[in-house]
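**Student:** Protein chains in written order, with my numbering: chain A, 0 to 276; chain B, 3 to 165. From the three backbone atoms N, C-alpha and C, an ideal C-beta is built for every residue, glycine too.
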């Protein structure tokens, strides 16, 4: 028996090693969401990000001038919009006061820099230089001045990893700003698409898409992109709508983490409601 | 006694990943980027043998997945198989021939194609998308970019091996 095993090992050792390592990989693949793996991941990327942040600062200096110019232009545009919105806000506050509505639009912004990017075609992630010590939690949206860029996926003490919209594992509920129709948006490996959109929906090319209030991940309206193409699937009752995101993931360097996670109170009330049915 | 080359191949991963995640995105063409880790993996698979290449691919994949936040296991499998494939070119007699620039770039192209194709499989991409186009975008373009970088690197590779 031992001789047989020894002879088999001698003959096929390369294949045996390969098969064993693939089996270990497959086991780990099924354990992705386990607490243990998440802890190891937080320690690993947290330690590595400490070095990366120094390195990335050096390279970011060269881009600062260009970014400053862009920010100045954005500032000017925002200033013009602000004066217009101020008028609307006064009217809005008055109306809210009359209707006794609760203000739900005041969210803290945590400023962050991207210190490394994993520009995978299907699993885009970025590492940010903010973590638990800055108040960042898993599930918080990551935004830029243009719109949503991603969602925090893993957090260590001083760093965090966010999944960008170019990640097949991130599904978001979005809505068309004009028609108010909701759909699930995801990255299909090639483009950002709203899936299972009923053909009766009136989405048109050029419509603005924002995150939906019914989203369990980002329950506030944040700009996502514009409708680039409304597919015309001949079979079935659903269409696929291509969305062009506002955020250019390749060039983005500074972001904000929106200090918001889904309200536990809402979760509890929904859970209780389902339990009583 | 552990060979110095083994330690070096492990240590080398970290500066390479640093460059891969900070500098390489700056030279991205659209979203196509070269994979420096596969180049070094192919190099070690040829110089140190198939089993070593397979194990090194596994370790590189594990570290990559855990540090970058990718789906743990996906890069592990793809890099393990890429290391195994590159290890076929580790024959003692022909080793130096395989390290000549054009040959090395071709081996990198092959390993990178296999690695990217397997990665694409684990990305659970939509079945509505044309598989041929996906293969070109996911596997062929990044593999060509990676092998071009490998070709450039091997042109400056000294005749006497460093590691």
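Could you name the residues that DSSP lists as bridge partners for residue 224(A)?
**Tutor:** In DSSP, residue 224(A) forms a bridge with 208(A), 244(A).
**Student:** Helix, strand or coil for residue 86(A), going by three-state DSSP, please let me know.
**Tutor:** If DSSP states are grouped into helix, strand and coil, residue 86(A) belongs with the helices.
**Student:** Given residue 253(A), which residues of its chain have a CB within under 6 Å of its CB, disregarding the five upstream and five downstream residues?
**Tutor:** These residues qualify, in order along the chain: 112.
**Student:** Please say whether residue 150(A) and residue 161(A) have beta carbons closer to each other than 8 Å?
**Tutor:** Against a cut-off of 8 Å, the Cβ pair of residue 150(A) and residue 161(A) comes out as a contact.
**Student:** What are the residues in the region 40-58 of chain A lying within 8 Å of chain B by C-beta distance?
**Tutor:** Correct list: 40, 43, 44, 47, 50, 51, 54, 55, 58.
**Student:** Using DSSP bridges, identify the partner residues of residue 154(A).
**Tutor:** Paired residue(s): 159(A).
**Student:** Three or more C-beta pairs under 8 Å: does that hold for the region 64-76 of chain B against the region 140-155 of chain B?
**Tutor:** Taking 8 Å as the limit for Cβ pairs, the verdict is that the region 140-155 of chain B does not touch the region 64-76 of chain B.
**Student:** Just to confirm my understanding: we take residue 163(A), look at its own chain, exclude 5 residues before and 5 after, and list those with CB closer than 7 Å. What are they?
**Tutor:** So the list reads 123, 124, 125, 148, 149, 248, once near-sequence residues are dropped.
**Student:** Is residue 77(A) buried or exposed, if buried means 16 or more other CB atoms sit within 10 Å of its CB?
**Tutor:** Counting Cβ neighbours within 10 Å, residue 77(A) comes out exposed, since fewer than 16 surround it.
**Student:** Roughly how many whole angstroms lie between the Cα atoms of residue 154(A) and residue 19(B)?
**Tutor:** Straight-line Cα distance between these residues: approximately 20 Å.
**Student:** Please classify residue 238(A): is it buried, with 16 or more other beta-carbons within 10 angstroms of its beta-carbon, or exposed?
**Tutor:** When all chains shown are included, residue 238(A) counts as buried.
**Student:** Should residue 82(B) be counted as a contact of the ligand GTP given a C-beta to heavy atom distance under 7 Å?
**Tutor:** This structure does not include the ligand GTP; it has no bound ligands of any sort.
**Student:** With 8 Å set as the bound, which would you pick, yes or no: does the beta-carbon of residue 152(A) sit closer than that to a beta-carbon of chain B?
**Tutor:** Interface residue, yes.
**Student:** Give the straight-line distance between the Cα atoms of residue 134(B) and residue 131(A), rounded to the nearest whole angstrom.
**Tutor:** When rounded, the distance between both Cα atoms is 43 Å.
**Student:** Mapping DSSP to helix, strand and coil, what is residue 79(A)?
**Tutor:** Residue 79(A): helix per DSSP, three-state reduction.
**Student:** Helix, strand or coil for residue 124(A)? Go by DSSP, reduced to three states.
**Tutor:** Reduced to three states, the DSSP call for residue 124(A) is strand.
**Student:** Buried or exposed, going by whether 16 or more other CB atoms sit within 10 Å of the CB of residue 81(A)?
**Tutor:** Counting Cβ neighbours within 10 Å, residue 81(A) comes out exposed, since fewer than 16 surround it.
**Student:** Output, in chain order, the set of chain B residues within a Cβ distance shorter than 9 Å of residue 292(A).
**Tutor:** The structure shown has nothing for residue 292(A), since chain A only spans 0 to 276.
**Student:** Taking Cβ positions, are residue 204(A) and residue 227(A) nearer each other than 8 Å?
**Tutor:** Contact flag set, yes.
**Student:** Is the beta carbon of residue 40(B) closer than 8 Å to that of residue 92(B)?
**Tutor:** Not closer than 8 Å, so no.
**Student:** Under a CB-based cut-off of 8 Å, is residue 76(B) close to chain A?
**Tutor:** It does: the Cβ of residue 76(B) has a partner Cβ on chain A nearer than 8 Å.
**Student:** Can you grab the Cα-Cα spacing for the pair residue 33(A) / residue 68(B), in whole Å?
**Tutor:** Taking the straight line from one Cα to the other gives about 13 Å.
**Student:** At least one CB of chain A closer than 8 Å to the CB of residue 15(B): is that the case?
**Tutor:** Taking Cβ atoms only, chain A never reaches closer than 8 Å to residue 15(B), which makes this a no.
**Student:** How would you call residue 40(A), buried or exposed, if buried means at least 16 neighbouring beta carbons within 10 angstroms?
**Tutor:** Under this definition residue 40(A) is a buried residue.
**Student:** Distance check for residue 9(B) and residue 24(B), CA to CA, integer angstroms please.
**Tutor:** Computed Cα separation, rounded: 24 Å.
**Student:** Using the beta-carbon of each residue, which ones in chain A are nearer than 9 Å to residue 2(B)?
**Tutor:** Any property of residue 2(B) remains undetermined from this structure, which presents chain B solely from 3 to 165.
**Student:** Give me the Cα-Cα distance between residue 54(B) and residue 159(A), rounded to the nearest whole angstrom.
**Tutor:** Straight-line Cα distance between these residues: approximately 33 Å.
**Student:** With which residues is residue 172(A) paired in a DSSP beta bridge?
**Tutor:** Residue 172(A) is bridged to 183(A).
**Student:** Closest by CA to residue 72(A), which one among 258(A), 202(A), 145(A)?
**Tutor:** Comparing Cα-Cα distances from residue 72(A) to each of 258(A), 202(A), 145(A), the minimum goes to 145(A).
**Student:** From the DSSP output, read off the bridge partner residues of residue 250(A).
**Tutor:** DSSP, once it has assigned bridges, lists no residue as partnering residue 250(A).
**Student:** Does the beta carbon of residue 36(B) come closer than 8 Å to any beta carbon on chain A?
**Tutor:** Taking Cβ atoms only, chain A never reaches closer than 8 Å to residue 36(B), which makes this a no.
**Student:** On the DSSP letters alone, give me the boundaries of the beta strand (DSSP E) that residue 92(B) sits inside.
**Tutor:** Looking at the DSSP string, residue 92(B) is not in any beta strand (DSSP E), and its letter there is neither H nor E.
**Student:** Suppose the cutoff is 7 Å on Cβ atoms and the five residues either side in sequence are ignored; what does the same chain contact list for residue 164(B) look like?
**Tutor:** Residue confidence for residue 164(B) is low, a pLDDT of 49 falling below 50, so the modelled location carries little weight; the figure read from the coordinates is stated next. No residues qualify anywhere along the chain.
**Student:** Report the option in 147(B), 115(B), 150(B) whose CA atom is closest to the CA atom of residue 85(B).
**Tutor:** Looking at the Cα atoms, 115(B) is the closest of the given residues.
**Student:** Taking only beta-carbon atoms, is residue 189(A) less than 8 Å away from chain B?
**Tutor:** Yes, because at least one Cβ of chain B sits closer than 8 Å to the Cβ of residue 189(A).
**Student:** Buried or exposed: where does residue 81(B) fall if 16 or more other Cβ atoms within 10 Å of its Cβ makes it buried?
**Tutor:** Buried, because 16 or more other Cβ atoms sit within 10 Å of the Cβ of residue 81(B).
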